[in-house]
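Peer 1: Take a look at this one; I'll ask things after.
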Amino acid sequence: MSGRAWNRGFVLDRRYEDLAPQAASTIPWITFGGLPTESSSAFVRGVQRIGFQQGRGRDDGWMAEYAATCFEGDALTWYAELDDEVQESWKKLRAILLRKYPHVVGVRTPLLFSAPQPAIAPSVPVSVCTSSASTSPPQGPVGRIEVLSSHTVLLGYLSFDPTSGIDITTDSDRAAIISFPLSKGTDVLHLDMLNVPSRVLPYLGLALLVPQGKDQNVVPDMLPGVTSSYSCSATHYSGVPEPSSNCKHSMPASSRYESYTKADFATWQFCACGESEKVALYRRRSPTQLSGTRAAAAVWKYNKNTEELTIYWLMDDDTECEVGGYVRNGTSDQLHVHRVSDMDKTEDYILEERVRFVFRLTQ
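In structure tokens, the structure reads:
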């Protein structure tokens, strides 16, 4: 490479030009997002091995620059706020990284490319969430989840598609095959999807949907209920739910006679998740492909007598809040989740009906 310019004028610091895209890239790439299922010590070891392979193991600046390209998600946010002197030194960055993300027993070591890859090499995660379900037979009953309307009409079955995610299908052959360990009725369960293409995120969980610009980790408060006040021949309504893009709604427009103040409306979507931690604090967090999203897999309860599955989200005060699945009125479209108590206050605005989830044995 000649000069300091490459790739349409981007100026590269000559100290780190070996990190630039190569005609035949020889640098393996790994990622680290700071999830509970990722090992910081494995990441550090991976970076140091790559430095050794590249003959840069003692080049403190090169190692720091390479590590910077590996961060994503929460770890990238944390890294971006570090002082320049830490970002520019692998020795300093390594030490503070290991303190920030201490070693977790049982987390797998990273998967690294061991040979040169194509010029555009795929990103390889430092660690993946695994469970006993991925390597051993099902630990409980195996079946499908029927989705019933509020009038107990069969709408279809829960299904998983890598592109469209969790949805309702009328084809039983496309239904997600579910297994879970039998337990007491009060226990919260993981539902293992046995037929997902990848066993990295095998559990059926929930991800919080938060409007852009809002804190992705904060569940909106319970709806206060709609109240009205009068002034100057006009009516003002407060506490009107702010619908998500998944919701079917009938939201009136403001006029000279009526105005509205909207309230955040808690909404979740189904997603494929990794395992939630056993302790209460981490039941609020599971890895998912939705980067930066608050998700959890340990949300299900099973009633053996009715065969019904219900859903509970663990709130920040350690209380369990019942949530339910909803679809647009008269359809099986746009399956999503709301707090049950909120929906009791929205009938004039949100045009949706609750569905039931019933587990049916297949073997």
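Here the numbering used here is used: position 112 in the sequence shown is 112, and no number is missing along the way. Even glycine gets a Cβ: it sits at the ideal position worked out from N, Cα and C. Model, not experiment: these values are computed from the prediction.
(1) From S233, R360, T331, V188, pick the residue whose C-alpha is nearest to that of T364; which is it?
(2) From Q54, Y157, W268, I177, pick the residue whose C-alpha is nearest to that of A207; which is it?
(3) Count the other C-beta atoms from every protein chain shown that fall within 10 angstroms of the C-beta of M1, then say buried if there are 16 or more, exposed otherwise.
(4) Skipping 5 residues on each side, what residues in its chain have a beta carbon closer than 7 angstroms to that of D316?
(5) Under a three-way DSSP split, which group does F52 fall into?
(6) Let me know the secondary structure DSSP gives Y365 once reduced to three states.
(7) Please report the distance separating the alpha-carbon of A176 from that of H151.
(8) Assuming G73 contacts G33 under a Cβ cut-off of 8 angstroms, what Cβ separation, rounded to an integer in Å, is found between them?
(9) Could you give the first and the last residue of the continuous beta strand (DSSP E) run that contains E320?
(10) Taking a contact to mean a Cβ-Cβ separation below 8 angstroms, would you say V219 touches A266 in this structure?
(11) Ends of the alpha helix (DSSP H) at V366?
(12) Which class does Q87 belong to by DSSP, given the choice of helix, strand or coil?
(13) Between the Cα of A292 and those of Y203, V44, Q216, V240, spot the shortest distance and give me the residue it belongs to.
(14) Given a threshold of 16 other Cβ atoms within 10 Å of its Cβ, counted over all protein chains shown, does E65 qualify as buried or as exposed?
(15) Is Y66 helix, strand or coil by DSSP?
(16) Out of curiosity, what's the CA-to-CA distance linking P110 and R49?
(17) One question on the structure: do Y312 and K304 come within less than 8 angstroms of each other, judged by their Cβ atoms?
(18) Can you tell me whether Y230 is buried or exposed, with buried defined as 16 or more other CB within 10 angstroms of its CB?
(19) Based on DSSP bridge pairs, tell me the residues matched to T235.
(20) Please confirm whether Y237 and S228 have their CB atoms less than 8 angstroms apart.
(21) Looking at C-alpha atoms only, which residue of V323, F359, R360, R356 is the closest neighbour of L344?
(22) Give me the Cα-Cα distance between E416 and C70, rounded to the nearest whole angstrom.
(23) Among V355, H336, S40, S149, which one has its Cα closest to the Cα of G165?
(24) Between V44 and R199, what straight-line distance do the alpha-carbon atoms span, to the nearest angstrom?
(25) Out of W90, W78, A75, L35, point me to the one whose CA is closest to D60's CA.
(26) Assign G274 to buried or exposed, taking buried as 16 or more other Cβ atoms, counted over all protein chains shown, within 10 Å of its Cβ.
(27) Leaving aside the five residues before and after S366 along the sequence, list all residues of the same chain whose C-beta is less than 7 angstroms from its C-beta, in chain order.
(28) For the beta strand (DSSP E) that S159 lies in, which residues bound it at each end?
(29) On the DSSP letters alone, give me the boundaries of the alpha helix (DSSP H) that V340 sits inside.
(30) Between the alpha carbons of R356 and L148, how many angstroms are there, rounded?
(31) Take T331 as the anchor and find which of L154, D264, P36, I96 has the nearest alpha-carbon.
(32) Suppose contacts are defined by Cβ-Cβ distances below 8 angstroms. Is K248 in contact with E352 by that definition?
(33) So, with DSSP's three-state summary, where would you put V44?
Peer 2: Checking against the coordinates, here is how it stands:
(1) An answer regarding residue 364 cannot be provided, because it is not within the stretch 1 to 363 covered by the chain.
(2) W268
(3) Legend: pLDDT at M1 = 39, less than 50; position of this residue unreliable, value from coordinates given subsequently. So M1 ends up on the exposed side.
(4) none
(5) helix
(6) Residue 365 lies beyond the range of the chain shown here (1 to 363); nothing can be said about it.
(7) 23 angstroms
(8) 4 angstroms
(9) 320–328
(10) yes
(11) The requested residue 366 is not part of the displayed model; the chain covers only 1 to 363.
(12) helix
(13) Checking the sequence shown, residue 292 turns out to be Gly, not Ala. For G292, the nearest C-alpha among the options comes from Q216.
(14) buried
(15) helix
(16) Residue placement at P110 cannot be trusted, given a pLDDT of 40 that sits under 50; the coordinates are not used to answer.
(17) no
(18) exposed
(19) Y230, E258
(20) yes
(21) A small correction: the amino acid at residue 344 is Asp; Leu does not occupy that position in the sequence shown. Considering only alpha carbons, the answer is V323.
(22) The displayed coordinates of the chain run from 1 to 363. Any statement about residue 416 would go beyond what the structure contains.
(23) H336
(24) 25 angstroms
(25) W90
(26) buried
(27) With the chain running from 1 to 363 in the structure shown, residue 366 is simply not present.
(28) 154–161
(29) 340–343
(30) 5 angstroms
(31) L154
(32) yes
(33) helix
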